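First to last, the protein sequences are chains D and F. With the first sequence counted from 1, adding 24 to any position gets you this note's numbering. With the second sequence counted from 1, adding 24 to any position gets you this note's numbering.
Number of protein chains: 2
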Amino acid sequence: RHFHFCKLPGRVMGIRLLRFTSVVIVVLLLVAGALTALLPTVKDDKMPNLRREPKAQSQSALDSFTLIMQTYNRTDLLLKLLNHYQAIPHLHKVIVVWNNIGEKIPEEMWNSLGPHPVPVVFKVQTVNRMRNRLQNFPELETKAVLMMDDDTLVSAHDLAFAFSVWQQFPEHIVGFVPRKHISTPSGVYSYGSFELQNPGFGNGDQYSMVLIGAAFFHSGYLEDFQRQPEAVYALIDETQNCDDIAMNFLVAKHTGKPSGVFVKPVDIRNLEKDTNSGYSGMWHRAEHLLQRSYCVNKLVNIYDGMPLKYSNIMISQFGFPNYANHKNKM
Amino acid sequence: RHFHFCKLPGRVMGIRLLRFTSVVIVVLLLVAGALTALLPTVKDDKMPNLRREPKAQSQSALDSFTLIMQTYNRTDLLLKLLNHYQAIPHLHKVIVVWNNIGEKIPEEMWNSLGPHPVPVVFKVQTVNRMRNRLQNFPELETKAVLMMDDDTLVSAHDLAFAFSVWQQFPEHIVGFVPRKHISTPSGVYSYGSFELQNPGFGNGDQYSMVLIGAAFFHSGYLEDFQRQPEAVYALIDETQNCDDIAMNFLVAKHTGKPSGVFVKPVDIRNLEKDTNSGYSGMWHRAEHLLQRSYCVNKLVNIYDGMPLKYSNIMISQFGFPNYANHKNKM
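So, in structure tokens, the structure goes:
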């Protein structure tokens, strides 16, 4: 006897089953492979995990930083500061954002006074905008950015230490100038510093922002900044202010944590009064602080919520400058 | 015609293939499931990621800590300290490790002076061992342990702040007493504090240990401690010392990072001289510090390497006690 159906179907079914199962098995192996690829690996991704030792994959890119300094109408201060900052340890390159529209960059003079420890690039701008310094400059090769105002002098010791702290907290803005927002019963936010009431979370004060005019942060955030709502750029352009508040909003949204880590500076100075230009910074405008409170509230509207979070961590350098600065009465 | 072979084999082969492929598919699905389980998830695992906001899964277990205080021959100090520590915010329970062998615990007196803010458990020991405090006590319900020496008074403010810091660095020993090792050209290590030479990594000093006699750490490390080489227990028992150095080795090995995070205390006091017992602590023994250097070298042998890493991060509380303690000259 034969079962006619078993001949062709049996073999065909056998072959079809074989094909089918091969396909299924291949698909499942691909799925397994994809899942394996998703397993956590130690790799040099864009936003590295906190406190991970910097990998030696690209020594220069991870162990050095790029100074970005925007300048307007204070070339004498700029040049004074460049002499200082060009020699900071672990500096890779300086990018000067030249907001002196129509004015020649001092390149000739700079070159005539060479050689210099690191390359300095003058980026000529077409419009004098506060947010010019937040472009994603192609010259930027390092993971870390040090952003400094063109009237701020921070000691090399402070910078070297703060850079090492940033390497342990690369998701955060690690810097020297803490600020905070407070909320009020009306729901309107106010911006300020220690002169404002404490936010009321336990003892002491809190900060919710670290200003980028004297801080390290990850270069990836410059990339992120290019992808913000138009209203953010409009706000910064309208006020010629608040780019730093916007960056803190961006970082806080990205991490879900306090945007900044405050490193208490030993030696930080404002050289503003030393300029011959007679130009004094934007923060002297009568409306400056009110504008910043205004910006906080506008940004909450734009981002549909308040992403800033409080921190009360203040970091200092153990045993420096005083080798026993941690001594206690025990 | 029939192909005799196709009948039975075809159907049987079909069924066998079916069974085989079912098994393969099930196995691959299990593998895929296992890989999925290995993907990083936000779960309340034993060693949570750094700086993750504490989940509200078990409010009490994550937001409170257990004080473990070992005591020997200083019951007057113990009781004085218990009055202070029993009222610390976020305290869940106190475990007193009673090293007064053969002596009755002051339970009657304790109860007669109740009620008390939190449960206090007296764990009677059979042998007076330094490492008794490093048992994995079943009464321990919280993720965090606060370990205090029975002669050390730390203010509630310091403890509340340090606990909040621990919650941001739960892998680390977060405490108030930093120490370091230094290596010498001979390869022999030495133990000490700021009076020793700086290890020479940039400016200032470094610490590589935070002593557990005034520190927060994850209760999981008590569990880990039970699984150490016998030689570690022998060393601690031989010296009646160095349990804290051993814990720092354990934590550093576990994390691959500096074991401790130093929080600078505002108010820490040693009440040793206030005791009526006339008993002064182990650290007054002539050989105490030499013993600790000895322990460092022994532990390096036992663990076949030096796992301790240096840190120079010193954490203070922003705006406390002085609301403007972060002010700078800018």
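The beta carbon of each residue, even a glycine, is placed where N, CA and C say it ideally should be. Please read these numbers as outputs of a predicted model, since none were measured by experiment.
Query                                                                                                                                                                                   : Result
Should the region 248-263 of chain D be called in touch with the region 311-326 of chain D, which here means at least 3 C-beta pairs below 8 Å?                                         : yes
I need the DSSP call for D:N349, collapsed to helix, strand or coil.                                                                                                                    : coil
Measure how close the beta-carbons of F:S232 and F:K204 come, nearest whole angstrom, since I'm counting them as under 8 Å.                                                             : 5 Å
For D:F240, which of D:M172, D:N160, D:R251, D:P209 has the nearest alpha-carbon?                                                                                                       : D:M172
Secondary structure at F:I337, three-state DSSP: helix, strand or coil?                                                                                                                 : strand
Among F:P282, F:V51, F:H140, F:L235, which has the Cα closest to the Cα of F:H116?                                                                                                      : F:H140
Would you give the residue range spanned by the beta strand (DSSP E) that F:Q94 belongs to?                                                                                             : 89-95
Assign F:T176 to one of three DSSP states: helix, strand, or coil.                                                                                                                      : strand
Can you check whether the CB of F:N272 is closer than 8 Å to the CB of F:H312?                                                                                                          : no
Closer than 8 Å is the cut-off here; do at least three beta carbon pairs connect the region 279-290 of chain D with the region 191-211 of chain D?                                      : yes
How long is the line joining the alpha carbons of F:V145 and F:L103, rounded to whole angstroms?                                                                                        : 13 Å
F:H308: buried (16+ other C-beta within 10 angstroms of its C-beta) or exposed?                                                                                                         : exposed
Please work out which residues of its chain come closer than 7 Å, Cβ to Cβ, to F:N123, disregarding the five sequence neighbours upstream and downstream, and give them in chain order. : Q94, T95, Y96, Q149, N152, N156
Taking Cβ-Cβ distances below 9 Å as the criterion, which residues of the region 231-260 of chain D are in contact with chain F?                                                         : Y231, A238
With distances taken from CA atoms, which of D:I339, D:M306, D:N352 is nearest F:V290?                                                                                                  : D:N352
Tell me the start and end of each unbroken beta strand (DSSP E) in the region 178-231 of chain F that is at least 3 residues and wholly inside, in chain order.                         : 197-199, 202-207, 213-216
Look at D:L177 and D:L91 and say whether their C-beta atoms are less than 8 Å apart.                                                                                                    : no
Which parts of the region 238-314 of chain D are runs of the beta strand (DSSP E), unbroken and 3 residues or longer, counting only runs that do not cross its ends?                    : 238-242, 284-287, 292-294
Where do the N-terminal and C-terminal ends of the alpha helix (DSSP H) with D:H108 fall, by residue?                                                                                   : 99-109
Taking the alpha helix (DSSP H) that F:M133 falls in, what are its first and last residues?                                                                                             : 131-136
Run the CB neighbour count on D:D69, radius 10 Å, all protein chains shown included, and call it buried at 16 or more, exposed below.                                                   : Because D:D69 carries a pLDDT of 42, less than 50, the predicted location of this residue cannot be relied on, and the following value inherits that uncertainty. Exposed, because fewer than 16 other Cβ atoms sit within 10 Å of the Cβ of D:D69.
Opposite F:M233 in the DSSP bridges: which residues?                                                                                                                                    : F:R203
Is D:K128 helix, strand or coil by DSSP?                                                                                                                                                : coil
Give me whichever residues DSSP pairs with F:I119 in a beta bridge.                                                                                                                     : F:I92, F:V145
Given F:Y109, which residues of its chain have a CB within under 6 Å of its CB, disregarding the five upstream and five downstream residues?                                            : L91
For F:M171, does the three-state DSSP call read helix, strand or coil?                                                                                                                  : strand
Rounded to the nearest angstrom, what separates D:V121 and D:L158 at their Cα positions?                                                                                                : 10 Å
What residues in the region 336-350 of chain F have a beta carbon less than 7 Å from any beta carbon of chain D?                                                                        : N336, I337, M338, I339, S340, Q341, F342, G343, F344, Y347, A348, H350
Run the CB neighbour count on F:I39, radius 10 Å, all protein chains shown included, and call it buried at 16 or more, exposed below.                                                   : exposed
Using DSSP with H/G/I as helix, E/B as strand and the rest coil, what is D:T45?                                                                                                         : helix
Contact criterion: CB-CB distance below 8 Å. Does F:V48 meet it with respect to chain D?                                                                                                : yes
What's the call for F:V212, buried or exposed, on a 16-neighbour Cβ count within 10 Å?                                                                                                  : exposed
Can you find at least 3 beta carbon pairs, one from the region 211-230 of chain F and one from the region 125-138 of chain F, that sit closer than 8 Å?                                 : no
Taking DSSP as the reference, what is the three-state secondary structure of D:R316?                                                                                                    : helix
Where F:E247 and F:M154 are concerned, what is the direct C-alpha to C-alpha distance, given to the nearest angstrom?                                                                   : 17 Å
How many Å lie between D:W190 and D:G237 at the Cα?                                                                                                                                     : 15 Å
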